[in-house]
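A.B. asks: Below is a structure I'd like to ask you about.
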Amino acid sequence: MDLAIPGGRFTAIMGPSGSGKSTLMHLLAGLDTATSGRALLGDTDLTACSDTQLTNLRRDRIGFVFQAFNLLPQLTAEQNIELPARLAGRRVDPGWRAALIGMLGIGDRLHHRPTQLSGGQQQRVAVARALLGRPEVVFADEPTGNLDTASAHELLNLLRGSVRELGQTIVMVTHDPVAASFADDVVLLRDGRVAGSVPDPRPDTVLAALSAVSGARVGV
Amino acid sequence: MAGSVAAVLLAETRRKPGRVLLTGLAITVATVFAAGTLLLGETLRAYLADRAEQTPATAAAVVRPSDLPGEPDPVALLGEVAAVDGVADAAGVWSAFPTVGGAGAGALWALGSDPMAGPLSRLAAPMQGRLPSTPDEVAVGESTAARSGLAPGAAITLRGDEGVPLTVTVTGVVPVSDAAVNTLVAFPVTVAGLGGLLGQVDLAADPGVDAATLAGRVAAALGAPDAVRTGEQQRAAEIAEVSESVTGVLVAVGVFAGLAVVAAAVVVASTFRIVLTAVAVITGYGLLALLRGTGTADVPDLVLSVPGLAGVLAVAVLATVLAAIAPAMAASRIPPVAALGSAGAADSGAPRTGRRLVVAAVAAAIAGGLAWAALNGAESPELAMVIVAASGIVAFGALVVAGPVFVRGLVAIAGPVISAMGGGPGRLAAANAAQVPRRTAATISVLTLGVGMTSALLVGISSTRAGAERSISEQFPAKIVVGLPDPGSAAEFAAVLAADPRLTVHADGSAVFADPAQGVPDVVARTAVEESAAGWPGALLQYAGDARAQLETTLGTAQAIGFGLVGMTALVAVVGVGVTLMLSLTERTRETALMRAVGLSRTGVRAMVAWEAALSGTGAAAVGAVIDAVYGILGVRVLELVPGAPAIPFAALGALVAGVVVVAVLAAVLPALRAGRVSPTRALQEA
Chain H
161 MDLAIPGGRF TAIMGPSGSG KSTLMHLLAG LDTATSGRAL LGDTDLTACS
211 DTQLTNLRRD RIGFVFQAFN LLPQLTAEQN IELPARLAGR RVDPGWRAAL
261 IGMLGIGDRL HHRPTQLSGG QQQRVAVARA LLGRPEVVFA DEPTGNLDTA
311 SAHELLNLLR GSVRELGQTI VMVTHDPVAA SFADDVVLLR DGRVAGSVPD
361 PRPDTVLAAL SAVSGARVGV
Chain Y
356 MAGSVAAVLL AETRRKPGRV LLTGLAITVA TVFAAGTLLL GETLRAYLAD
406 RAEQTPATAA AVVRPSDLPG EPDPVALLGE VAAVDGVADA AGVWSAFPTV
456 GGAGAGALWA LGSDPMAGPL SRLAAPMQGR LPSTPDEVAV GESTAARSGL
506 APGAAITLRG DEGVPLTVTV TGVVPVSDAA VNTLVAFPVT VAGLGGLLGQ
556 VDLAADPGVD AATLAGRVAA ALGAPDAVRT GEQQRAAEIA EVSESVTGVL
606 VAVGVFAGLA VVAAAVVVAS TFRIVLTAVA VITGYGLLAL LRGTGTADVP
656 DLVLSVPGLA GVLAVAVLAT VLAAIAPAMA ASRIPPVAAL GSAGAADSGA
706 PRTGRRLVVA AVAAAIAGGL AWAALNGAES PELAMVIVAA SGIVAFGALV
756 VAGPVFVRGL VAIAGPVISA MGGGPGRLAA ANAAQVPRRT AATISVLTLG
806 VGMTSALLVG ISSTRAGAER SISEQFPAKI VVGLPDPGSA AEFAAVLAAD
856 PRLTVHADGS AVFADPAQGV PDVVARTAVE ESAAGWPGAL LQYAGDARAQ
906 LETTLGTAQA IGFGLVGMTA LVAVVGVGVT LMLSLTERTR ETALMRAVGL
956 SRTGVRAMVA WEAALSGTGA AAVGAVIDAV YGILGVRVLE LVPGAPAIPF
1006 AALGALVAGV VVVAVLAAVL PALRAGRVSP TRALQEA
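Sequence order for the protein chains is H and Y. Going by our numbering, the first sequence wraps up at 380, each residue one higher than the last. Going by our numbering, the second sequence wraps up at 1042, each residue one higher than the last.
Right, dumping it as structure tokens:
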């Protein structure tokens, strides 16, 4: 497979189960190493990096949003947001932090623990965590998988907003055509290969393309 | 219902075998600890008792002629008790202080009697030569032989207060407690013939006659119940006579073994692996045998107390079930809705500070009250010690209850230090500890218990040692003490010795104390005193230096066994912390993976785990050392081991605190390595 993901855009990766979405994202995000082939982030060859280099790269250049939110239960929302910066020993830009918190609408939740937040709120805290370090790319793994429809839409709008207004690059893995329709481009995978793409996606066009790729009708 | 629950449990066990294995390991170690403590404790008891007891275990009853009315004829008395129904054998224990001449120096030596054969003989196998077989043969004590150069075959003369000298032949060297005074052993008839006194009659019972019955019959026959004791009573009295501290130590050891069982019950948290406990006892026994193999030359035989070990097993099983009740009840109280919530948060959240503090305060007050009662109200030292132990257990309970609150305070104090020293991982470790106080408190209570028992033991050991050394100094103020019949004779003898430049001498009452002068070897000084004492009427030489050395050896061995107990405690601490950390990290694999994903390096994860362990270790060490040093002192006080203030081994306690932190970090090595291997992709997987 040969795939280039453009910067400053919102790219969705889709495909049926077992198509290699997760593996692809693990490689792109430096979470796992490839047995063959290369993965580049900018000019950096991720496949040539040591574990320490990958760790530093994830810390400094990549942000993550997970399906299960993955906030640390023992830390407050604020501490969770600042965790990567603290691990890196970086200073947090207070203006940028305030802007993010305002944009995500979590200003009154900063001192709560994850268990005291709704799913949507938790995921917005996770997005703030991912964006605080101004990473080159944010990887989102099924970010709406554990959210109700309203919260999901709100979150996807926020992600799209950060691409449009802040120039953030976002790569989102999803199997939800509606979620994918918020992206600028949709890349379709099947059996570990790029099986197509949907520029300027809408739910129906994504669904149609997905059905064609899967060779079966996919319910929403 | 029960069946389906069991099925779920089994499925869970199959899915996460590691968790069950770890819990099993904790129980195993706890049981090994209890069993080992019991073994070492019994061994120490036997060792000390063996040093103090004179009367052989084969003596079912004894008669003490000094307690008989009037002055009975000893030979008639012996015949009378031997004729009592149920007495299989009667052996008189005679002693005399004849003047010994012909070899070595001519002075008063001690001469003891022994039947040389049969159940009532007190002699162990000779170290050299053979035991005497006729009345004109004697055996010589081990230290005596070393000092005087007497060997089998030598001829010496013994002269009592009156009568003609008796020439006897030395046939062997035997181990007797003769460090202080030169000692020979001969047949009773020999000793009696030299004007010896009958100090005691040992009686062996016919088969089927128990000790109490025998003692009763003999008392009735003699018409003097005060003069007859059972063998057991006599041995206990001998231990008490030798030293009060030995009795104290024996009580303390018993209580410590009891505490060990309680400690094991605490460590045993929540599982049902009964089979493992059996394995544990076997392992423990093997381990101790190993320990003994590598120990000092003088380590006594291990004493295996079967009822004790069975007790440990029973308590371990019972404690396991009881300990499982609390988690089970807690689990049943979780509302189904909460179970669907975010995983991993069960241990987090604010502890119910108020309620915990109230319960802890009540427990602490009870502990204080018990301690006060032990110091002021208890009738016997034994009872007081048991009360002190109970107070300690309640105090530990208070600590466990207050644990989560205490952890907050600990992190508030130690957190900034660790953050400054450990950077990011240090800060995370402090946050982990503070935000999940119950998890941290669990680790700390396991360690505190270990540290506490160790520090109580250290205080006990050092106080006993200090007390024993003080009493040795009082008993033996000089290397050589010469006893003389009267103060005038002592003053004369002191004048003679003082003329010798090799000695420093002073007389006090009817005793003369001699030490080697500066730069003079002990042997030279000893020979000088022996030469002067030869022929001096009624001079009895006491080799105080040798006696002191021997006492110190005994003390050292007892201390080594004590340190064996300390070692067991350290083992429990290592495994306890290791297992708790390992379980805790298994629970939060996803958290670890997340930290890896957002940029914590492998080294960082490991450092975080190590810092968490160090934090727990510091807390446990500080609290355990302080609280239980207090209990150590209390124990020493109530047992009246030491006359003055108890000795607090500050250096040893300091080393203990530092050692525990090191041990905690060492225990974190395996969990840390494991945590470092967690792949960041685990954060993306569903729980």
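A virtual CB, placed ideally from N, CA and C, is assigned to each residue, including glycine. Keep in mind it's a predicted model, so treat the numbers as computed, not measured.
Verify the CB distance criterion: does residue 763 of chain Y have a CB-CB separation below 8 Å to chain H?
C.D. replies: Along the second sequence, one-based indexing puts residue 763 of chain Y at 408. Cβ-Cβ to chain H under 8 Å: no for residue 763 of chain Y.
A.B. asks: So, is residue 1032 of chain Y buried or exposed, given that buried needs 16 or more other C-beta atoms within 10 angstroms?
C.D. replies: Sequence index remark: in the second sequence, residue 1032 of chain Y carries index 677 (1-based). Burial call: exposed.
A.B. asks: Going straight from the alpha carbon of residue 481 of chain Y to that of residue 854 of chain Y, what length do you get?
C.D. replies: The sequence position of residue 481 of chain Y within the second sequence is 126, counting from 1. The sequence position of residue 854 of chain Y within the second sequence is 499, counting from 1. Straight-line Cα distance between these residues: approximately 40 Å.
A.B. asks: Which parts of the segment 827-889 of chain Y are runs of the beta strand (DSSP E), unbroken and 3 residues or longer, counting only runs that do not cross its ends?
C.D. replies: Taking only runs of at least 3 residues, the beta strand (DSSP E) segments lying wholly in the segment 827-889 of chain Y are 835-838, 858-863 and 866-871.
A.B. asks: Judging by CA-CA distance, which residue of Y:825, Y:1035, Y:446 and Y:729 is the nearest neighbour of residue 957 of chain Y?
C.D. replies: For the purposes of this step, residue 957 of chain Y is taken as residue 602 along the second sequence, with counting starting at 1. If we check each option's Cα against that of residue 957 of chain Y, Y:1035 comes out closest.
A.B. asks: So residue 1043 of chain Y and residue 451 of chain Y are supposed to be a Cβ contact under 8 Å. How far apart are they, rounded?
C.D. replies: Residue 1043 of chain Y falls outside the range modelled here, since chain Y spans only 356 to 1042, and no answer is possible.
A.B. asks: Kindly provide the ranges of any alpha helix (DSSP H) runs that are 4 or more residues long and lie completely inside the segment 456-527 of chain Y, ordered along the chain.
C.D. replies: DSSP runs (the alpha helix (DSSP H)) wholly in the segment 456-527 of chain Y: 497-503.
A.B. asks: What are the start and end residues of the beta strand (DSSP E) that includes residue 173 of chain H?
C.D. replies: As a first step, residue 173 of chain H must be located in the first sequence, where it is residue number 13. Note, residue 173 of chain H: beta strand (DSSP E), 170-174.
A.B. asks: Report the start-end ranges of each alpha helix (DSSP H) in the segment 237-286 of chain H that is 4 residues or longer and not cut off at the edges.
C.D. replies: Runs of the alpha helix (DSSP H) inside the segment 237-286 of chain H: 237-248 and 254-264.
A.B. asks: Just to confirm the assignment, what range does the beta strand (DSSP E) spanning residue 542 of chain Y have?
C.D. replies: As a first step, residue 542 of chain Y must be located in the second sequence, where it is residue number 187. Counting along the chain, residue 542 of chain Y falls outside any beta strand (DSSP E), and DSSP gives it neither H nor E.
A.B. asks: Identify which residue in Y:1022, Y:984 and Y:856 has its Cα closest to the Cα of residue 935 of chain Y.
C.D. replies: Looking up residue 935 of chain Y in the second sequence gives position 580. Considering only alpha carbons, the answer is Y:1022.
A.B. asks: Could you list which residues in chain Y have their beta carbon closer than 7 Å to that of residue 211 of chain H, in chain order?
C.D. replies: Numbered from 1 along the first sequence, position 51 holds the residue referred to as residue 211 of chain H. Result: 957.
A.B. asks: Name, please, each residue of chain H whose Cβ falls closer than 9 Å to the Cβ of residue 946 of chain Y.
C.D. replies: Your numbering for residue 946 of chain Y matches position 591 in the second sequence. Chain H residues near residue 946 of chain Y: 230, 232, 233 and 234.
A.B. asks: In the DSSP assignment, find the alpha helix (DSSP H) that holds residue 713 of chain Y and state where it starts and stops.
C.D. replies: Here residue 713 of chain Y corresponds to residue number 358 of the second sequence, with the count starting at 1. It spans 708-731 - the alpha helix (DSSP H) in which residue 713 of chain Y sits, taken as one unbroken run.
A.B. asks: Which class does residue 356 of chain H belong to by DSSP, given the choice of helix, strand or coil?
C.D. replies: Taking the first sequence and counting its residues from 1, one reaches residue 356 of chain H at position 196. Strand, per DSSP.
A.B. asks: May I ask which residues mark the beginning and end of the alpha helix (DSSP H) holding residue 161 of chain H?
C.D. replies: As a first step, residue 161 of chain H must be located in the first sequence, where it is residue number 1. Where residue 161 of chain H is concerned, there is no enclosing alpha helix (DSSP H), given that its DSSP letter is neither H nor E.
A.B. asks: Let me check understanding here. Comparing Cα to Cα, which of Y:980, Y:1029 and Y:870 lies closest to residue 1013 of chain Y?
C.D. replies: As a working note, residue 1013 of chain Y is residue 658 in the second sequence. Looking at the Cα atoms, Y:980 is the closest of the given residues.
A.B. asks: By Cβ distance, which residues of its chain are closer than 7 Å to residue 966 of chain Y, with the 5 residues on each side in sequence left out?
C.D. replies: The residue you call residue 966 of chain Y lines up with position 611 of the second sequence. Here the set comprises 773, 777, 780, 781 and 784.
A.B. asks: Let me know the secondary structure DSSP gives residue 450 of chain Y once reduced to three states.
C.D. replies: Here residue 450 of chain Y is taken as the residue at index 95 of the second sequence, counted from 1. Note: residue 450 of chain Y maps to strand in three-state DSSP.
A.B. asks: Residues of chain H with a CB under 9 Å from the CB of residue 949 of chain Y: which are they?
C.D. replies: In the second sequence, the residue the question calls residue 949 of chain Y occupies position 594. Ordered by position in chain H, the residues that pass the 9 Å Cβ test against residue 949 of chain Y are 224, 226, 230, 231, 232 and 243.
A.B. asks: Does the beta-carbon of residue 303 of chain H have 16 or more other beta-carbons within 10 angstroms, so that it is buried, or is it exposed?
C.D. replies: Taking the first residue of the first sequence as position 1, residue 303 of chain H is located at position 143. Under this definition residue 303 of chain H is a buried residue.
A.B. asks: For residue 722 of chain Y versus residue 750 of chain Y, is the C-beta distance shorter than 8 Å?
C.D. replies: Translated into positions along the second sequence, residue 722 of chain Y becomes position 367. Translated into positions along the second sequence, residue 750 of chain Y becomes position 395. Taking 8 Å as the Cβ cut-off, residue 722 of chain Y and residue 750 of chain Y qualify as a contacting pair.
A.B. asks: Classify residue 710 of chain Y: buried if its beta carbon has 16 or more other beta carbons within 10 angstroms, exposed otherwise.
C.D. replies: In the second sequence, residue 710 of chain Y corresponds to position 355, counting from 1. Looking at its Cβ environment, which holds fewer than 16 other Cβ atoms inside 10 Å, residue 710 of chain Y is exposed.
A.B. asks: What residues of chain H sit near residue 779 of chain Y, judged by a beta carbon separation below 8 Å?
C.D. replies: Your numbering for residue 779 of chain Y matches position 424 in the second sequence. Going along chain H in sequence order, the residues near residue 779 of chain Y (Cβ under 8 Å) are 246, 247, 248 and 249.
A.B. asks: Go ahead and pull the three-state DSSP assignment for residue 416 of chain Y.
C.D. replies: Position 61 of the second sequence, counted from the start, is the residue given in the question as residue 416 of chain Y. Three-state DSSP puts residue 416 of chain Y in a strand.
A.B. asks: Does the count of Cβ pairs from the segment 256-269 of chain H and the segment 180-197 of chain H closer than 8 Å reach three?
C.D. replies: No contact exists between the segment 256-269 of chain H and the segment 180-197 of chain H.
A.B. asks: Could you spell out where the alpha helix (DSSP H) holding residue 1037 of chain Y opens and where it closes?
C.D. replies: For this step, residue 1037 of chain Y is matched to residue 682 along the second sequence. First-last for residue 1037 of chain Y: undefined, no H or E at that position.
A.B. asks: Could you compute how far the alpha carbon of residue 766 of chain Y sits from the alpha carbon of residue 969 of chain Y?
C.D. replies: Along the second sequence, one-based indexing puts residue 766 of chain Y at 411. Along the second sequence, one-based indexing puts residue 969 of chain Y at 614. One C-alpha to the other measures close to 12 Å.
A.B. asks: On the criterion of 16 or more Cβ atoms from any shown chain inside 10 Å, does residue 473 of chain Y qualify as buried, or is it exposed?
C.D. replies: Counted from its first residue, the second sequence places residue 473 of chain Y at position 118. Residue 473 of chain Y comes out exposed.
A.B. asks: Which value, in whole angstroms, describes the spacing of the CA atoms of residue 914 of chain Y and residue 813 of chain Y?
C.D. replies: On the second sequence, position 559 is the one that residue 914 of chain Y refers to. On the second sequence, position 458 is the one that residue 813 of chain Y refers to. Distance between the alpha carbons of residue 914 of chain Y and residue 813 of chain Y: 10 Å.
A.B. asks: Among the residues of its own chain, which have a CB less than 7 Å from the CB of residue 199 of chain H, if the five just before and after it don't count?
C.D. replies: As a first step, residue 199 of chain H must be located in the first sequence, where it is residue number 39. Around residue 199 of chain H: 187, 188, 206 and 207.
A.B. asks: Which residues does DSSP pair with residue 897 of chain Y in a beta bridge?
C.D. replies: Your numbering for residue 897 of chain Y matches position 542 in the second sequence. According to DSSP, which records beta bridges pairwise, residue 897 of chain Y is partnered with Y:836.
A.B. asks: Beta-carbon of residue 904 of chain Y versus every beta-carbon of chain H: anything under 8 Å?
C.D. replies: Taking the first residue of the second sequence as 1, we reach residue 904 of chain Y at position 549. With 8 Å as the cut-off, residue 904 of chain Y does not count as an interface residue toward chain H.
A.B. asks: Report all residues from its chain with a CB closer than 6 Å to the CB of residue 226 of chain H; omit the five preceding and five following residues, and keep chain order.
C.D. replies: Locating residue 226 of chain H in the first sequence gives position 66, counting from the first residue. These residues qualify, in order along the chain: 301.
A.B. asks: Report the option in H:292, H:242 and H:239 whose CA atom is closest to the CA atom of residue 256 of chain H.
C.D. replies: Here the question's residue 256 of chain H lines up with position 96 in the first sequence. It is H:292.
A.B. asks: Taking the alpha-carbon positions, what's the residue 525 of chain Y to residue 478 of chain Y distance?
C.D. replies: On the second sequence, residue 525 of chain Y is found 170 positions in, with the first residue counted as 1. On the second sequence, residue 478 of chain Y is found 123 positions in, with the first residue counted as 1. Roughly 15 Å between the two C-alpha positions.
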